[in-house]
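Take the sequence shown: its position 170, counted from the start at 1, is 170 in the UniProt record's numbering, and no numbers get skipped.
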Amino acid sequence: MALWIQAQQLQGDALHQMQSLYGQHFPIEVRHYLAQWLEAQPWDAVDLENQQDEFKAKRLLDGLIQELQRKADSYDPCPLELVRCVKHILYTEQRLVQEASNASSPGSGPVDGTPQRYQQINQTFEELRVMTHDTENDLRKLQHSQEYLIIQYQESLRIQAQLSSLASIPPAERVQRESGLQSRKSTLEAWLTREANTLQKYRQELAEKHQRTLALLRKQQTVIVDDELIQWKRRQQLTGNGGPSEGGLDILQAWCEKLADMIWQNRQQIRRVEHLTQQLPIPGPTEELLTELNATVTDIISALVTSTFIIEKQPPQVLKTQTKFSATVRLLVGGKLNVHMNPPQVKATIVSEQQAKALLKNENTRNESSGEILNNNCVMEYHQTTGTLSAHFRTMSLKRIKRSDRRGAESVTEEKFTVLFESQFSVGGNELVFHVKTLSLPVVVIVHGSQDNNATATVLWDNAFSEPGRVPFVVPDKVLWPQLCEALNMKYKSEVHSDRGLSEDNLVFLAQKAFSSSSNNPEDYCNMTITWSQFNRESLPGRNFTFWQWFDGVIELMKKHLKSHWNDGAILGFLNKQQAQDMLMSKPNGTFLLRFSDSEIGGITIAWVAENPNKAERMVWNLMPFTTKDFSIRSLADRISDLNHLLFLYPNQPKEEVFSRYCTPPNCMHVFSCRQKCHQVIVCLIVSTVAVTWHYVSQLSGQLYVAPFSEFDLEETMDMARQVEEFLRQPMETQWSGQQS
1 MALWIQAQQL QGDALHQMQS LYGQHFPIEV RHYLAQWLEA QPWDAVDLEN
51 QQDEFKAKRL LDGLIQELQR KADSYDPCPL ELVRCVKHIL YTEQRLVQEA
101 SNASSPGSGP VDGTPQRYQQ INQTFEELRV MTHDTENDLR KLQHSQEYLI
151 IQYQESLRIQ AQLSSLASIP PAERVQRESG LQSRKSTLEA WLTREANTLQ
201 KYRQELAEKH QRTLALLRKQ QTVIVDDELI QWKRRQQLTG NGGPSEGGLD
251 ILQAWCEKLA DMIWQNRQQI RRVEHLTQQL PIPGPTEELL TELNATVTDI
301 ISALVTSTFI IEKQPPQVLK TQTKFSATVR LLVGGKLNVH MNPPQVKATI
351 VSEQQAKALL KNENTRNESS GEILNNNCVM EYHQTTGTLS AHFRTMSLKR
401 IKRSDRRGAE SVTEEKFTVL FESQFSVGGN ELVFHVKTLS LPVVVIVHGS
451 QDNNATATVL WDNAFSEPGR VPFVVPDKVL WPQLCEALNM KYKSEVHSDR
501 GLSEDNLVFL AQKAFSSSSN NPEDYCNMTI TWSQFNRESL PGRNFTFWQW
551 FDGVIELMKK HLKSHWNDGA ILGFLNKQQA QDMLMSKPNG TFLLRFSDSE
601 IGGITIAWVA ENPNKAERMV WNLMPFTTKD FSIRSLADRI SDLNHLLFLY
651 PNQPKEEVFS RYCTPPNCMH VFSCRQKCHQ VIVCLIVSTV AVTWHYVSQL
701 SGQLYVAPFS EFDLEETMDM ARQVEEFLRQ PMETQWSGQQ S
């Protein structure tokens with residue numbers, strides 16, 4: 001069923017929310033008559049933060065103009081606004097339809113209970129609405145009662161004035177009139193006393209109702225800000241490790257705006273009660289209670305505003321100096337509190353870990369920074385179509401960085417910084433002034449691309465194992481192996497763009513590598529812990545690289561050249577030399593498999609079983625590892641196709657079935673076969689660059705000997721070429737079997 005048809009079937013508040021999406025900026029009639037066209041367009045393909053995508057937005061606008069020329073003309077100066085508007089409308093409709101569907105089918109919701117949580121939040125909002133409406137009615141009654149009491153009090157003063165004026169009239173008349181006035185005065189004063197007590201009781205009851213409302217508001221705010229928003233921030237952090245998208249902020253913003261609206265209504269009610277109290281002071285505990293309520297509601301609104309100043313799009317966590325980067329900050333309650341009427345400016349500053357700690361302790365760190373960011377000021381903009389108030393930093397650049405003294409074995413790629421965003425604005429006609437600030441996720445600053453690998457390790461460890469509410473930027477020095485496995489699997493699947501993650505066998509292989517263990521039992525590693533040093537500070541035994549550097553090399557190789565083969569299941573990858581040998585020896589000659597090199601970062605080798613020409617026995621051969629550099633020249637599929645002695649991919653798939661569709665098409669190749677070309681190239685190299693070829697061939701086989709450079713002899717050179725050709729016909733151990741694979 002089309003989304004628009006489902007949206008029209010919404011009921012109650014959901015229907016009102018949907019209808020409120022439309023207006024002069026985008027009439028509901030356009031949505032209705034162009035429903036099918038609108039829902040069929042690739043709105044999500046346009047990145048609103050990327051000005052280069054404006055041509056895509058223009059294409060969508062042109063299509064809409066063809067459908068409805070007159071209305072679309074209003075978007076011609078800024079086609080990105082059209083995309084922003086429609087994306088927001090479609091997303092909100094989908095959310096409302098989904099919520100309505102979940103409400104009608106309780107058993108059909110997600111297993112994590114998200115609809116139930118949303119339902120509870122919405123029920124609490126309804127309860128708060130009723131309570132706020134109730135106190136508003138009570139406040140009106142209180143105001144009317146007080147006004148009537150004041151009128152009667154004025155009447156009492158008038159009677160008293162009349163009594164005072166009786167002294168000037170004759171005694172007989174004075175006695176008669178005085179008696180009536182005294183009677184009226186006594187009756188009125190008794191009534192005023194009763195009404196004053198009643199009024200004081202009303203004030204007390206209203207203050208107690210406001211206490212209950214504020215308590216529920218604070219509880220609801222805790223659920224939304226300290227639970228839901230913190231969970232969103234945690235999902236955002238895990239996105240840096242390849243986790244699923246953190247999701248949109250529209251629902252959270254809607255909740256925060258409802259909170260702001262109700263808090264502000266209650267604040268205004270409390271201030272009106274204060275005004276009434278000042279207008280007619282009555283001794284009692286109400287004044288003290290009102291002072292407490294005013295402080296409480298101010299504290300609640302302050303906490304909401306400061307907590308909802310968030311980073312919607314984080315700056316890159318591995319930040320290279322002299323390189324442009326972007327970020328987006330957003331105030332979730334900005335539209336509701338009319339902050340955009342006087343748009344605030346946001347400033348970005350890079351600070352160290354120690355400075356971040358001082359900031360959270362509210363220590364004075366103003367004007368302190370650990371570097372210089374260019375283009376670090378931005379004015380918040382209000383987008384009327386979506387109701388969002390945000391600042392988009394598009395061209396920031398870290399000009400320089402000031403590093404602190406490092407501790408112990410800590411390297412520069414382990415030092416964490418953060419980008420501080422801060423702003424100041426007022427609400428309610430300067431009634432309240434807020435200085436808001438928020439810190440980005442930890443940032444590792446590098447000056448050269450070679451540092452990226454180790455910096456990524458620091459970021460991955462921090463994102464995976466940090467706790468909410470931590471002191472910046474404390475993380476455990478050691479974690480359980482299964483915890484690290486989850487982080488590695490998340491990163492691997494994301495980088496390789498694959499649903500095929502790391503299997504249990506793959507993780508056992510990684511555990512063996514990390515712990516220098518030979519156990520094949522996954523249970524043996526469940527309670528083992530791995531330290532940061534084991535992860536990316538200490539080199540693996542017998543190697544000059546760490547566990548992470550090896551694993552990251554695999555990721556880089558896969559995502560750049562081999563992810564299709566991994567997704568096909570053609571690459572086993574995580575096997576050691578002995579495992580490959582044990583698996584292949586039971587298979588027919590020509591069976592091969594692909595495994596990652598143990599000795600070379602980002603290397604993959606081909607192991608296959610074949611006869612040993614020097615001995616009457618079968619053995620497993622291993623090619624020297626291929627790396628990203630090799631695959632930039634010639635693909636894996638083409639290389640496997642070139643090697644005629646490779647017949648079956650383990651366990652028994654003909655290689656053509658697996659790799660032929662990835663091979664270079666014949667019309668893109670020369671007339672000669674690959675082997676013929678290889679021979680010709682070698683001969684040409686021998687003829688044209690004799691010295692270089694001699695050195696290379698002498699490395700390939702000890703059977704081939706090349707004399708030092710001497711006068712060129714064609715017959716001798718052709719004889720050498722024949723030796724090379726003979727050498728290439730069969731896989732010799734000195735050529736294929738590398739000690740380093």
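Note that beta-carbon positions come from the ideal geometry of N, C-alpha and C, so glycine has one too. Since the model is a prediction, treat every value here as computed from it, not as a measurement.
- Contact check for Phe465 and Pro476: beta-carbon distance about 6 Å, within the 8 Å limit, so the pair qualifies.
- When C-alpha distances from Thr627 are compared across Gln152, Pro171, Lys141, Gly602, the shortest belongs to Gly602.
- The straight-line gap separating the alpha-carbon atoms of Arg234 and Pro468 is approximately 8 Å.
- Pairwise C-beta distances place the segment 412–428 in contact with the segment 439–448, as three or more of them are shorter than 8 Å.
- Tyr33 counts as exposed, since fewer than 16 other C-beta atoms from the protein chains shown sit within 10 angstroms of its C-beta.
- For Ile555, no beta strand (DSSP E) encloses it; the enclosing alpha helix (DSSP H) starts and ends at 547–557.
- For the pair Thr135 and Leu398, the Cα-to-Cα distance works out to about 53 Å.
- When DSSP reads this structure, Glu617 sits in a beta bridge with Asn612.
- In this structure, Asn241 sits near Asn463, with a CB-CB distance shorter than 7 Å.
- Judged by pairs of C-beta atoms under 8 Å, the segment 373–384 does not touch the segment 295–313, as fewer than three such pairs exist.
- Restricting attention to Ser503, Asn294, Ser404, the CA atom closest to the CA of Leu432 is found in Asn294.
- DSSP places His565 inside the alpha helix (DSSP H), whose first and last residues are 563–568.
- Leu15 is not a Cβ neighbour of Ile89, given a cutoff of 7 Å.
- Taking C-beta separations shorter than 6 Å and ignoring five residues to either side along the sequence, the partners of Phe596 in its chain run Val554, Gly573, Ile604, following chain order.
- Residue range 504–515 is occupied by the alpha helix (DSSP H) that includes Ala514.
- Counting only the Cα atoms, His340 lies some 20 Å from Gln265.
- It is roughly 54 Å from the alpha-carbon of Leu502 to the alpha-carbon of Thr132.
- The residues Lys324, Asn375, in chain order, have a CB closer than 6 Å to that of Thr395 in the same chain once the five nearest residues on each side in sequence are set aside.
- A residue is called buried when at least 16 other Cβ atoms come within 10 angstroms of its Cβ; Cys526 does not meet this threshold and is exposed.
- If you look at Met490, you'll find it in the alpha helix (DSSP H) that goes 481–496.
- DSSP places Cys256 inside the alpha helix (DSSP H), whose first and last residues are 250–279.
- In this structure, the CA atom of Gln534 is about 19 Å from the CA atom of Asp452.
- If you compare the alpha carbons of Gln182, Phe393, Leu460 with that of Asp552, the shortest gap goes to Leu460.
- In the three-state DSSP reduction, Arg500 falls in the coil class, being neither helix nor strand.
- Just measuring C-alpha positions, the residue of Glu189, Ala161, Trp608, Trp191 sitting nearest Arg177 is Ala161.
- For Phe473, there is no enclosing beta strand (DSSP E), as DSSP gives it neither H nor E.
- In terms of Cβ geometry, Asp638 and Cys663 form a close pair [threshold 7 Å].
- For Glu381, the uninterrupted beta strand (DSSP E) segment begins and ends at 381–383.
- Between the segment 264–279 and the segment 513–522, the count of Cβ pairs shorter than 8 Å is below three; the stretches do not touch.
- Contact check for Val46 against Ala35 fails: the beta carbons are separated by 7 Å or more.
- Excluding five sequence positions before and after Leu48, the CB atoms of its chain that fall closer than 7 Å to its own CB belong to Leu80, Val83, Arg84, given in chain order.
- The Cβ-Cβ distance between Leu3 and Glu29 does not fall below 7 Å.
- For the pair Phe421 and Val346, the CB atoms are nearer than the 7 Å cut-off.
- Beta-bridge partners assigned by DSSP to Gly23: Phe26.
- The Cβ atoms of Gln154 and Gly284 do not sit closer than 7 Å to each other.
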